[in-house]
Structures are given as C-alpha cells and as structure tokens.
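Top to bottom, those sequences are chains A and B.
Per the numbering used here, the first sequence runs over residues 1 to 110.
Per the numbering used here, the second sequence runs over residues 111 to 224.
Read the structure below first, then the notes.
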Amino acid sequence: DAKTTQPTSMDCAEGRAANLPCNHSTISGNEYVYWYRQIHSQGPQYIIHGLKNNETNEMASLIITEDRKSSTLILPHATLRDTAVYYCIVIGTSYDKVIFGPGTSLSVIP
Amino acid sequence: KAGVTQTPRYLIKTRGQQVTLSCSPISGHRSVSWYQQTPGQGLQFLFEYFSETQRNKGNFPGRFSGRQFSNSRSEMNVSTLELGDSALYLCASSLEDSRNQPQHFGDGTRLSIL
C-alpha cells in the first residue's frame, strides 16, 4: 500500500474552512484514500473515504486530484471540537500493509 | 446504534504476565481488526478477523494472538508481557472485509506494564 505524506501541524480560525492536504504519489488504481481523526484518549474516528471521485458527507468533503497522487480533506466550518490529529491513509488489498503516519495536528483557534 | 466496545479501558500488568483484551463490534459488523498505538511507532496493525478466520496478520511476535467468536466478538491475548508492550490497543470493526467499507474504532484499552 502507498505511503502518505501530511504536514505535521496546521492552524485554522474557528468558523473558517480547514483544508488538510495529503500526498500519496505511489497510490495504485485499486487503493482507497481514507481520512480518520483522533482526539486525545479516544480511538480514531472515521471521516470520509474515496477512490477516484470527490466525496462529501455530513462531516467533510474529500477532493482527490485527477492523477490520484494527492487529496485534500475540507472541513467547511471548523469548530473547536475539530481540534485533533488527522490521518490520511491508503488502503488496498489488506490492512497489514496500511501505514498510519504521524498525521496532521490541526488546532482550531477561537 | 452502539459503537465498538472495548474492555477493560485500563489495565496494569507486570512483566511476564499474560493479558486478554475484549472487543464487541458494532452490531452486524463481521470484520474485526486490532491495532497497537504507541507514541514512538504510531498506529500499527496487529491482525484482522472475518467470520472467525484470521485474514491478515501484522509484523508482531507470536506472543500476540487473537480470535473471533461466532457472534463476531473478538479477543486478543498477549503472553509473556514485556515493558515494550505498554500501549493503547485499539479494536476496529467493519461491515464486511471489503476495503470500501470503513473501519470504526473503539476507544481502546490502555495497557501499562510495570
């Protein structure tokens, strides 16, 4: 499975859109892009996933570039409760090849 | 709908002991995976079970084992505990073993080895 690269940390003003980038330049055609977030002392929370097309749900939007080498998670109106570590991972044939990197620590500032 | 439930939430053991952790998946979910999370190594995959069969296994020693029951509940066991086994152990369940199905995580069992 492909490895992902994310910025270590980001800040976002409360009420503004948070755009979190992820690079997955070695992604294969059958691998999905997944986003999770983790708030301290809790388990990771599923946010959204996609294969080729852009996706939107009640939590966020996922924009995947046409070449699939990168993606952006968009939280449209960030709140203080969105402060968390955000993980971008690529999942293909099996979970044993999934690599969770250090993720992006997002701080939403009042 | 109840989420993934892991018990116990906290556990303290000493070196050489063994431990069993329990996971109840979301109702209807048949795939259960286990992960280890440490500050140094991050989240690492341990194993995945589907319909009582181990489907995948991560790069962990044989001291780490697991099983899944017919009701999809799962347990993992660690024998001969070492200090380095101190970690947050996370269980995740998904509807099927398809990679188009998201995994939903519990809040974990925090294991401390003295």
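Cβ coordinates follow ideal geometry from the N, Cα and C atoms, glycine included.
Practice item. Return the first residue and the last residue of the beta strand (DSSP E) that Q147(B) is part of. Key: One-based indexing of the second sequence puts residue 147(B) at position 37. Taken as a continuous stretch (DSSP letters only), the beta strand (DSSP E) holding Q147(B) covers S141 to T148.
Handout entry: The beta strand (DSSP E) enclosing Q178(B), as first and last residue numbers
Key = If you number the second sequence from 1, residue 178(B) lands on position 68. Where Q178(B) is concerned, the enclosing beta strand (DSSP E) stretches over F174 to Q178.
message: Out of P171(B), P149(B) and G176(B), which one is the CA nearest neighbour of E158(B)?
response: The sequence position of residue 158(B) within the second sequence is 48, counting from 1. Among P171(B), P149(B) and G176(B), the Cα nearest to that of E158(B) is on G176(B).
Can you tell me where the beta strand (DSSP E) holding N23(A) begins and where it ends?
Position 23 of the first sequence, counted from the first residue, corresponds to residue 23(A). Where N23(A) is concerned, the enclosing beta strand (DSSP E) stretches over A18 to N23.
* Span of the beta strand (DSSP E) around L62(A) -> By 1-based counting over the first sequence, the position of residue 62(A) is 62. Its beta strand (DSSP E) spans residues S61 to I64.
**Message:** Against chain B, does I39(A) count as a neighbour if the rule is that its beta carbon must be under 8 Å from one of theirs?
**Reply:** As a working mapping, residue 39(A) is identified with position 39 in the first sequence. Answer no: the Cβ-Cβ gap between I39(A) and chain B never drops below 8 Å.
_Pick from P21(A), A78(A), A13(A) and N30(A) that is closest to Q6(A), judged by C-alpha positions_ = In the first sequence, residue 6(A) corresponds to position 6, counting from 1. The residue with the shortest Cα to Cα distance from Q6(A) is P21(A).
Counting only C-beta atoms, is R173(B) closer than 8 Å to chain A at any point?
Position 63 of the second sequence, counting from 1, holds the residue named residue 173(B). Output row for R173(B): interface = no.
Inset, instruction - Just mark L106(A) as buried or exposed, buried being the case when its beta carbon has 16 or more other beta carbons within 10 Å. - result: The sequence position of residue 106(A) within the first sequence is 106, counting from 1. So L106(A) ends up on the buried side.
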